[in-house]
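>
In this note's numbering, the protein residues as written are 128 to 356.
Right under this line is the structure:
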């Protein structure tokens with residue numbers, strides 16, 4: 128279910144049924160535990176997700192059928208075939224009545240180099256090793272029988288994650304990107320890394336190369352989520 132499941136699992140606390148618990152702390156703990164179970168049931172999560180519900184008093188929020196601030200973290204999760212790590216979800220003004228609404232949702236995660244390698248292999252039909260080199264990704268492999276080293280730079284366009292060439296070395300010499308053979312340029316320019324599964328209204332906002340890969344941020348306002356079973 129991808130990122131949709133992450134956010135929906137965090138906010139679908141209207142099904143928790145914590146009214147039987149007496150006391151603010153016990154109600155909050157029960158809600159957080161149930162939310163973690165929902166996330167685990169819906170996603171391919173690495174380890175146990177950690178859910179937090181901020182704001183005091185919590186029981187007052189339950190009575191108002193709206194939560195001020197809900198968040199979750201997970202070591203890793205799969206976004207429709209693309210693995211991401213260090214996942215962080217934050218949601219504010221979360222409705223507990225169906226249809227579930229979120230005033231603002233923000234999701235952050237990191238795509239490790241191997242996820243970029245898979246995208247290059249699937250879309251450019253090239254087998255490369257990808258590493259982080261400062262503020263760029265460095266791809267190494269074979270093209271047209273010659274060793275290739277290319278600097279790749281991620282960017283966001285129309286809510287999509289694209290990767291462009293910054294520099295290329297083919298064989299023993301550096302090449303100008305705008306003079307590359309079409310067979311190389313067409314396969315490595317504007318290459319899309321798919322990030323399916325984001326809820327309607329949540330779109331990709333920014334990307335940056337970090338030590339562990341590509342960190343992306345997605346967000347949305349007044350997001351309506353599907354009810355989880």
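Even glycine gets a Cβ: it sits at the ideal position worked out from N, Cα and C.
Predicted model, so just to flag it, every value in this text is computed and none were measured.
Unbroken beta strand (DSSP E) runs of length 3 or more, entirely within the region 176-237: which are they?
Entirely contained in the region 176-237, the beta strand (DSSP E) runs reaching 3 residues are, in chain order, 177-181, 193-206 and 209-222.
> Does the structure place the region 242-261 close enough to the region 217-225 that three or more beta carbon pairs sit under 8 Å?
no
> My guess is that residue 339 and residue 212 are in contact by the Cβ rule of under 8 Å, so how many angstroms apart are they, rounded?
Here residue 339 refers to the residue found at position 212 of the chain shown. Here residue 212 refers to the residue found at position 85 of the chain shown. Residue 339 to residue 212, Cβ: 7 Å. Contact.
> Any idea if residue 326 is buried or exposed, counting beta-carbon neighbours within 10 angstroms, 16 or more meaning buried?
Along the chain shown, one-based indexing puts residue 326 at 199. Buried: at least 16 other Cβ atoms inside 10 Å.
> Distance, Cα to Cα, residue 234 vs residue 272?
As a working mapping, residue 234 is identified with position 107 in the chain shown. As a working mapping, residue 272 is identified with position 145 in the chain shown. The alpha-carbon atoms of residue 234 and residue 272 are separated by roughly 41 Å.
> For residue 292, tell me which candidate among 276, 173 and 256 has the shortest Cα-Cα distance.
One-based indexing of the chain shown puts residue 292 at position 165. Out of 276, 173 and 256, 276 has the C-alpha closest to the C-alpha of residue 292.
> Let me check one thing: in DSSP terms, what residues is residue 264 bridge-paired to?
On the chain shown, residue 264 is found 137 positions in, with the first residue counted as 1. Beta-bridge analysis with DSSP links residue 264 to 259 and 279.
> Distance check for residue 223 and residue 350, CA to CA, integer angstroms please.
Residue mapping note: residue 350 aligns to position 223 of the chain shown, counting from 1. Residue mapping note: residue 223 aligns to position 96 of the chain shown, counting from 1. Each residue's alpha carbon lies about 13 Å from the other.
> Is the Cβ-Cβ distance between residue 279 and residue 264 less than 8 Å?
As a position in the chain shown, residue 279 is number 152, starting the count at 1. As a position in the chain shown, residue 264 is number 137, starting the count at 1. Closer than 8 Å, so yes.
> Count the other C-beta atoms from every protein chain shown that fall within 10 angstroms of the C-beta of residue 348, then say buried if there are 16 or more, exposed otherwise.
Numbered from 1 along the chain shown, position 221 holds the residue referred to as residue 348. Exposed, since its Cβ has fewer than 16 Cβ neighbours within 10 Å.
> State the Cα-Cα distance for the pair residue 281 and residue 274, rounded to the nearest angstrom.
Translated into positions along the chain shown, residue 281 becomes position 154. Translated into positions along the chain shown, residue 274 becomes position 147. Looking at the two C-alpha atoms, the distance is approximately 22 Å.
> Where does the unbroken alpha helix (DSSP H) through residue 249 begin, and where does it stop?
If you number the chain shown from 1, residue 249 lands on position 122. Here the alpha helix (DSSP H) through residue 249 covers 240-251.
> Who pairs with residue 342 in a beta bridge, going by DSSP?
Working through the chain shown from its first residue, we reach residue 342 at position 215. According to DSSP, residue 342 bridges with 237 and 335.
> Run through DSSP, which three-state label would residue 320 get?
Position 193 of the chain shown, counted from the start, is the residue given in the question as residue 320. Strand at residue 320.
> Taking only the alpha-carbon atoms, compute the straight-line gap between residue 168 and residue 294 and give it to the nearest angstrom.
Counting from 1 along the chain shown, the entry for residue 168 is found at position 41. Counting from 1 along the chain shown, the entry for residue 294 is found at position 167. Unreliable placement is indicated for residue 168, whose pLDDT of 48 sits below 50; the coordinate value is still reported in the next sentence. For residue 168 and residue 294, the distance between alpha carbons rounds to 43 Å.
> Following the continuous beta strand (DSSP E) through residue 172, name the residue where it begins and the one where it ends.
Counting from one through the chain shown, the residue named residue 172 turns up at place 45. Per DSSP, residue 172 belongs to no beta strand (DSSP E) and is neither H nor E.
> What is the DSSP secondary structure of residue 325, reduced to helix, strand or coil?
The residue given as residue 325 occupies position 198 in the chain shown. In this structure, residue 325 counts as coil in the three-state DSSP scheme.
> Around the C-beta of residue 149, are 16 or more other C-beta atoms found within 10 angstroms, so that it is buried, or is it exposed?
Mapped onto the chain shown, residue 149 falls at position 22. Note that residue 149 scores a pLDDT of 42, beneath 50, so its modelled location is shaky; the value from the coordinates is reported in the next line. Classification of residue 149: exposed, given that the 10 Å Cβ count is below 16.
> If distances are taken between C-alpha atoms only, which option among 178, 268, 175 and 205 comes closest to residue 242?
Sequence index remark: in the chain shown, residue 242 carries index 115 (1-based). That would be 205, whose Cα lies nearest to the Cα of residue 242.
> I need the boundaries of the beta strand (DSSP E) containing residue 291, first residue and last residue.
Looking up residue 291 in the chain shown gives position 164. Run containing residue 291: 287-297, per the beta strand (DSSP E) assignment.
> Using only CA atoms, which one of 237, 251 and 269 lies nearest to residue 259?
If you number the chain shown from 1, residue 259 lands on position 132. Answer by Cα proximity: 237.
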